[in-house]
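Quick note, the sequence shown lines up with residues 2 to 163 if you use this note's numbering.
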Amino acid sequence: MHYVTPDLCDAYPELIQVVDPMFSNFGGKDSFGGQIVTVKCFEDNSKVKELVDQPGAGKVMVVDGGGSLRRALLGDMLAEKAAKNGWEGIVVYGCVRDVDVLAQTNLGIQALASHPLKTDKRGIGDIDVPVTFCGVSFHPGEYLYADNNGIIVSPEPLNMPE
């Protein structure tokens, strides 16, 4: 499904929250949406690695990396696993790496920036907890839609207007 966030904002102004505009597109899909699954981690992508191995059809992973610009929480290998397992997209409040390969991956990916350094794997982090960044709280089970215009969140699924 192709989403246009301005159209969704116009059609559902009472439902949506708009994420502060600080993200860039890095994935092969420039539009994506689905049910939110959250990860809270800081400079350790162990839980992201755990989730990309699970089925992700209809889901968007929201990774609260604390806004760190010192390590990449997602790279080509994890993105390819996520795409293979049907994830719609991943939003990283932090960095990604291997950006040339990410751009060829059939996955929506938005993040703050790129950084070449990988994380340490210490097994630290939480899955499916509410996270808040960029002016919005992301709750597991709610819905996220993203395109080149921005990222929006809704408590219920939204349909593209005719």
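Here a beta-carbon is modelled for each residue, glycine too, at the ideal position from N, C-alpha and C.
Beta-carbon gap between residue i and residue j smaller than 8 Å
i: Thr6; j: Ile153; result: yes
i: Gly76; j: Asp99; result: yes
i: Gly28; j: Gly68; result: no
i: Leu74; j: Val92; result: no
i: Asp31; j: Asn149; result: yes
i: Gly109; j: Phe33; result: yes
i: Ser155; j: Tyr13; result: yes
i: Ala83; j: Gly59; result: no
Cβ neighbour criterion (16 or more within 10 Å) applied to residue i
i: Gly142; result: exposed
i: Met2; result: exposed
i: Leu159; result: buried
i: Leu9; result: buried
i: Glu163; result: exposed
Selected residue, minimal CA-CA separation from residue i, among the options
i: Gln111; options: Thr120, Lys48, Leu16, Asp21; result: Asp21
i: Lys119; options: Gly95, Val63, Met62, Gly136; result: Gly95
i: His140; options: Gly29, Gly35, Phe43, Ala12; result: Gly35
i: Cys135; options: Gln18, Cys10, Asp11, Asp54; result: Gln18
i: Val132; options: Leu113, Met23, Leu52, Met62; result: Met62
i: Met23; options: Val137, Pro162, Ser155; result: Val137
i: Asp129; options: Ser155, Lys41, Pro156, Leu70; result: Lys41
i: Met78; options: Ile37, Glu44, Glu51, Gly59; result: Glu51
i: Ser47; options: Ala83, Pro162, Arg123, Glu157; result: Arg123
Which residues DSSP lists as bridging residue i, in chain order
i: Tyr144; result: Gln36, Ser155
i: Gly126; result: Its beta-bridge partners do not exist; DSSP assigns none.
i: Val132; result: Phe139
i: Val19; result: Ile153
i: Gly109; result: Lys30, Gly90
i: Val97; result: Leu75, Ser115
Continuous alpha helix (DSSP H) assignments of at least 4 residues falling wholly in the region 24 to 93: Within the region 24 to 93, the complete alpha helix (DSSP H) segments of 4 residues or longer fall at 47 to 53, 77 to 85, listed in chain order.
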